[in-house]
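Written below as structure tokens is the structure these notes are about.
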Amino acid sequence: MLVPNNQHKKKKTGLIIGTTSLLAIALAGGVVYYTAVVDEPTEETITQSSQQQKQQIEEPVQSITPIEPVVEAPPLEKVDATKYDETKELPTEPTYINGILIANKQYPLPSTYAPDTDPTAQAALDTMVAAAAKENIQLVGFSGYRSYDYQTTLYNNYVARDGQEEADRYSARPGYSEHQTGLAFDIGEVGKEDLWLTAAFGETPAGQWLVQHAPTYGFILRYPKGKEHLTGFMYESWHFRYVGVEHALKIAEQNITLEEYLGVYEGKEVIVPQVAEEAPQENGSTVEQSEVTTTEGTQVGAKSEHNNP
Ligand SMILES: [Zn+2]
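Each residue of the sequence shown is one higher than the one before, counting from 2 in our numbering.
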């Protein structure tokens with residue numbers, strides 16, 4: 002009995018709600034129409050909105066502002082790769098460019114960076130030494146990873162013995178030796194120790210075999226002849242740096258230095274130091290090119306370099 006009555010009431014209520022809704026919609030429509038008409042921009046609102054637009058346009062321009070000096074072509078930063086920057090402290094992180102670790106006089110290593118010998122580089126060296134042996138060339142990597150502390154001891158000993166100016170000619174300062182990366186090896190020939198750490202090694206069949214084949218194993222001759230102004234160090238026929246086969250082959254193909262390959266000097270003016278073209282060679286060394294230094298600080302290196310005037 003109660004149910005139909007309730008249903009009737011619901012129908013009636015529904016009708017009222019329906020009508021109210023229609024009215025509300027109609028009213029809302031009217032308000033929207035009214036608003037649209039009234040909001041038609043007057044001259045004043047046009048000015049306001051164009052100012053707003055102007056502000057919106059100006060904002061991104063302001064964010065571009067820092068790039069402006071590029072348009073004005075800033076003077077090139079002069080870089081002398083062979084000189085240490087005395088004002089700079091050692092960094093807290095090593096520098097990687099395109100995934101390749103760089104260590105030179107512009108990009109030194111942190112004193113805390115102590116990776117030890119890179120196992121991949123060591124394996125590549127072993128493979129290369131074995132390959133050379135098959136061609137009757139007995140190579141040996143006689144100097145590899147050097148810790149910051151070890152390089153400090155070496156360098157300080159040289160400074161105590163010869164003075165800093167002299168020590169800087171043949172030994173890298175701590176933090177500046179590529180041997181601290183664990184990716185560099187000094188390579189020589191077994192039984193020809195007298196040629197270790199000399200330019201003359203580069204003239205031997207073993208030295209030439211290395212230059213030709215090292216890239217196949219991921220190594221590059223790190224300090225080639227005549228590139229001191231880029232690498233910062235004199236020609237080192239014995240010093241090879243592991244960068245991986247892909248990069249090594251590209252670098253060798255283009256006959257460029259690691260610095261050029263990484264674009265380290267892009268937008269910078271490289272100062273080319275005055276270096277004697279063909280310094281007189283005694284014991285096969287070219288230490289007369291005193292504007293540049295070697296990276297070596299081994300006892301052998303010191304002995305070798307000090308055999309020269
Ligand atoms: Zn070396």
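Just so you know, even glycine gets a beta-carbon here, dropped at the ideal spot from N, CA and C.
Discussion item. Using beta carbons (cut-off 8 Å, strictly below), is residue 180 in contact with chain C?
Written reply: Annotation note: the requested chain C is absent from the structure, which comprises a single protein chain.
Worksheet item: Under the DSSP definition of a beta bridge, which residues are partnered with residue 144?
Response: Against the sequence shown, residue 144 aligns to sequence position 143. Looking at the DSSP assignment, residue 144 forms a beta bridge with 187.
Practice prompt. Classify residue 39 as buried or exposed, calling it buried when 16 or more other Cβ atoms lie within 10 Å of its own Cβ.
Written response: Within the sequence shown, numbered from 1, the residue matching residue 39 stands at position 38. Below a pLDDT of 50, predicted positions are generally treated as unreliable, and residue 39, at 38, falls in that range; the measurement from the model is reported next regardless. So residue 39 counts as exposed.
Worksheet item: Is residue 78 near ligand 1, going by C-beta to nearest heavy atom under 7 Å?
Response: If you number the sequence shown from 1, residue 78 lands on position 77. No, ligand 1 has no heavy atom inside 7 Å of this Cβ.
Worksheet item: When you compare only the Cα positions, how much space is there between residue 83 and residue 212?
Response: Stepping through the sequence shown from its first residue, residue 83 is reached at position 82. Stepping through the sequence shown from its first residue, residue 212 is reached at position 211. Those two C-alpha atoms are separated by around 23 Å.
Item to complete: Tell me, please, whether the stretch 142 to 150 touches the stretch 256 to 265 by the rule of three or more beta-carbon pairs shorter than 8 Å.
Response: no
Worksheet item: How big is the Cα-Cα spacing for residue 109 and residue 136?
Response: As a working note, residue 109 is residue 108 in the sequence shown. As a working note, residue 136 is residue 135 in the sequence shown. Near 38 Å, if we compare the C-alpha coordinates of residue 136 and residue 109.
Item to complete: Ignore the nearest five residues each way along the sequence and tell me which others in residue 185's own chain have a CB closer than 6 Å to its CB.
Response: Translated into the one-based positions of the sequence shown, residue 185 becomes position 184. Closer than 6 Å at the Cβ level, and outside the excluded window around residue 185, lie 179, 242.
Item to complete: Could you tell me which uninterrupted beta strand (DSSP E) segments, each at least 3 residues in length, are contained entirely in the stretch 105 to 153, listed from first to last along the chain?
Response: 140 to 144
Fill in: Alpha carbon of residue 121 to alpha carbon of residue 95, nearest angstrom
On the sequence shown, residue 121 is found 120 positions in, with the first residue counted as 1. On the sequence shown, residue 95 is found 94 positions in, with the first residue counted as 1. Cα-Cα distance, rounded: 19 Å.
Discussion item. For the beta strand (DSSP E) containing residue 96, name the first residue and the last one.
Written reply: Within the sequence shown, numbered from 1, the residue matching residue 96 stands at position 95. Counting along the chain, the beta strand (DSSP E) containing residue 96 begins and ends at 96 to 98.
Practice prompt. Report, in whole angstroms, the separation of the C-beta atoms of residue 177 and residue 106, which I expect to be a contact under 8 Å.
Written response: Within the sequence shown, numbered from 1, the residue matching residue 177 stands at position 176. Within the sequence shown, numbered from 1, the residue matching residue 106 stands at position 105. With 8 Å as the limit, residue 177 and residue 106 qualify as a contact, their Cβ atoms being about 6 Å apart.
Worksheet item: Nearest to residue 80 by alpha carbon, out of 295, 296, 272, 297?
Response: Position 79 of the sequence shown holds residue 80. If we check each option's Cα against that of residue 80, 272 comes out closest.
Worksheet item: With which residues is residue 79 paired in a DSSP beta bridge?
Response: Your numbering for residue 79 matches position 78 in the sequence shown. 270, per the DSSP bridge assignment.
Discussion item. By alpha-carbon positions, which one of 117, 103, 98, 124 ends up nearest to residue 218?
Written reply: The sequence position of residue 218 within the sequence shown is 217, counting from 1. Nearest of 117, 103, 98, 124 to residue 218, Cα basis: 124.
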